Amino acid sequence: MSSDKLHRKSERSAVAAFHRAAKRVEAYRKFLDANNVKADTVTDADSFSSIVPTTNKESVFAANDLPELCVDGKTSDVSAIFTSSGFSSSFSFGLDTEKSAKSGSRQIDLMLEMYLHTSSIPTLLVNALPMGIHIPATLPAVFDSSTRADSVIAVIKKAAPIYKQVILAAEQPFLKKRIDEGLYDGIYWPSYNVSVITGAEIMPENLRTYIGSILGHDPLRPESGRFILNMGVSEVGTSIGHETDDCRRLRQAARDDEELSKALLGPSSPYLPSVIQYFPQGYYIETPQDEDGQTRMVITTTSPSRPLPLIRYETGDIAKVLTCNEMGEILRSCGREDLLPTVQLPFILQWGRGKYLSLDIGAIYPEQVKEAIYAEHAVARSTTANFFMRVDSDSLQVDIQLRRGAAKSAQLEADFQRLISEWTSAEKVSVNLIPFEEFSDSLELTYQRKFRYL
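Everything in the sequence shown is counted per this note's numbering, starting at 35 for the first residue and increasing by one.
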């Protein structure tokens with residue numbers, strides 16, 4: 035099916051999902067009544083976007099009990115419950131039935147088969163994501179370790195040798211911790227043919243090369259291992275979309291090609307967003323402009339099998355949606371026909387929440403500091419990559435946690451200061467390297483929650 039037909043079908047599915055929720059979901063009926071919206075005035079994508087108000091975590095989950103959010107109030111066939119990370123101090127929930135779970139499994143299996151051929155290559159998938167996050171894959175053998183670092187190493191040493199490849203799924207801070215510490219535990223990572231799946235935070239490109247250098251990845255030999263970005267939102271879906279090979283090439287080209295960067299990301303993107311292709315068969319994604327002039331992601335789940343539908347749901351992420359044809363037009367305008375997409379799926383550029391510190395010289399983003407930390411591998415290996423940043427007068431102050439056993443030195447502080455200055459617009463940078471055990475909240479740093487950098 036062409037990209038245009040996929041887009042039109044996704045629009046129709048979103049309108050159908052709206053009417054299904056308006057008719058059969060008690061909480062949503064009340065929400066529409068409170069906002070004076072008549073369901074029969076919504077007839078197409080234009081009226082859907084202009085008439086239907088957006089929802090969010092507070093209006094959906096804080097204000098209602100789960101039965102009120104479910105189709106026909108039915109919860110008896112719910113087979114699984116998921117929660118968000120609780121990063122914002124409140125929780126949202128996703129529900130699955132056996133039928134909707136099979137749809138999620140198909141998407142995960144399709145991604146794994148596309149890049150790692152898991153139906154024909156014996157594969158061990160180590161799920162080191164925070165507790166409660168399930169990966170519904172059926173093709174590989176799955177080991178759920180959560181963020182137990184010792185159990186990850188134990189299964190790698192004992193079980194990985196009987197498989198042809200290993201997939202390690204983890205959020206980025208724990209991914210670095212486990213791979214770094216594996217070196218000190220005597221693991222020679224390239225011997226296990228390890229690929230990585232990660233997400234949750236906007237990934238610095240320098241992390242890809244840092245991790246790849248340890249795992250033995252060769253960009254010219256995909257069979258040596260891959261680094262795959264996945265976009266999931268707990269209450270929406272485990273895998274809404276992922277970084278295809280087209281996306282990876284686009285992102286890396288935008289880093290190196292100023293003309294392409296301005297055409298694709300805008301004239302002043304402070305850092306590289308995630309570049310994802312998503313499945314319009316299950317999700318209709320819009321990026322309306324908020325009152326601050328930012329375009330933010332709004333998702334409608336369109337599968338009729340979902341017990342808890344979400345209509346025009348705000349994720350809070352700054353984002354931009356492009357159809358395959360729109361992406362093609364941008365690339366041709368920059369003379370980059372070599373990057374024309376081969377996978378006919380829509381794109382989403384995702385900058386995350388866009389939090390920053392304000393200095394006189396401009397905004398400083400955690401994503402910029404992350405790129406700096408991973409820019410030189412020998413320097414990066416000295417730290418856990420956990421940090422806090424703050425403003426002191428007109429100076430950027432960055433506290434960086436050293437890895438366990440790493441020694442603090444004036445040279446190391448100078449290296450981090452130099453790198454952070456290079457990767458941000460800060461003219462004055464002060465770096466404080468903090469021993470592992472003395473870092474704020476280090477005893478509570480179990481990698482079960484997203485880290486707060488500000």
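We put the CB at the ideal spot given by N, CA and C, even for glycine. Predicted model, so just to flag it, every value in this text is computed and none were measured.
Quick one: what does DSSP say residue i is sitting in, helix, strand or coil?
i    : result
M148 : helix
I221 : coil
S459 : coil
V200 : strand
L374 : coil
E45  : helix
S81  : helix
S416 : coil
I142 : helix
E293 : helix
S154 : coil
R54  : helix
S36  : coil
A171 : coil
R212 : helix
V270 : coil
Here's the rule I'm using: 16 or more other beta-carbon atoms within 10 Å means buried, otherwise exposed. How should residue i be labelled?
i    : result
H411 : exposed
T321 : buried
M165 : exposed
I333 : buried
D214 : buried
Y222 : exposed
E132 : exposed
L477 : In this predicted model, L477 has a pLDDT of only 44, less than 50, meaning its place in the structure is not dependable; the value taken from the coordinates is given anyway. Its Cβ having fewer than 16 others within 10 Å, L477 is exposed.
Y347 : buried
Q323 : exposed
E292 : exposed
C75  : The residue asked about is misnamed: residue 75 is Thr in this sequence, not Cys. With fewer than 16 other Cβ atoms within 10 Å, it is exposed.
S44  : buried
L241 : buried
P2   : Residue 2 falls outside the range modelled here, since the chain spans only 35 to 488, and no answer is possible.
So what does residue i bridge to, in DSSP terms?
i    : result
S429 : D426
K354 : L383
D178 : N161
Q206 : Beta-bridge pairing links Q206 to no other residue.
Q451 : According to DSSP, Q451 bridges with nothing at all.
E320 : V332
D130 : A114
G255 : Strictly speaking, residue 255 in this sequence is Arg, with Gly absent from that position. For R255, which the question treats as bridged, DSSP gives the partners D252.
N466 : D433
T480 : According to DSSP, T480 bridges with nothing at all.
F421 : I434
A397 : S392
T89  : Y347
G275 : M265, Y312
Measure the C-alpha to C-alpha separation of residue i and residue j and round it to an integer number of angstroms.
i    : j    : result
E239 : S81  : 39 Å
G350 : I167 : 20 Å
D426 : K389 : 18 Å
I274 : L446 : 40 Å
V403 : T109 : 45 Å
S459 : R452 : 12 Å
L263 : E92  : 28 Å
P101 : R46  : 27 Å
S36  : V59  : 33 Å
D67  : L383 : 34 Å
T152 : V176 : 12 Å
S126 : L103 : 12 Å
S464 : Y244 : 24 Å
P174 : G439 : 36 Å
E325 : G386 : 17 Å
Q286 : G107 : 46 Å
G316 : I454 : 40 Å
A234 : A79  : 29 Å
I310 : S268 : 17 Å
How far does the alpha helix (DSSP H) with residue i in it extend, from its first residue to its last?
i    : result
N240 : 239-249
L391 : It is not in any alpha helix (DSSP H) - L391 instead sits in the beta strand (DSSP E) that spans 391-393.
Y62  : 60-68
V186 : 183-192
E102 : 100-103
Following the continuous beta strand (DSSP E) through residue i, name the residue where it begins and the one where it ends.
i    : result
M265 : 261-267
L342 : Where L342 is concerned, there is no enclosing beta strand (DSSP E), given that its DSSP letter is neither H nor E.
L402 : Checking the displayed sequence, the identity of residue 402 turns out to be Gln instead of Leu. Here Q402 belongs to no beta strand (DSSP E); instead the alpha helix (DSSP H) covers 400-408.
S302 : Counting along the chain, S302 falls outside any beta strand (DSSP E), and DSSP gives it neither H nor E.
V230 : 228-232
Would you say residue i lies against chain B (beta-carbon separation less than 8 Å)?
i   : result
L66 : The structure shown contains no chain B; it holds only a single protein chain.
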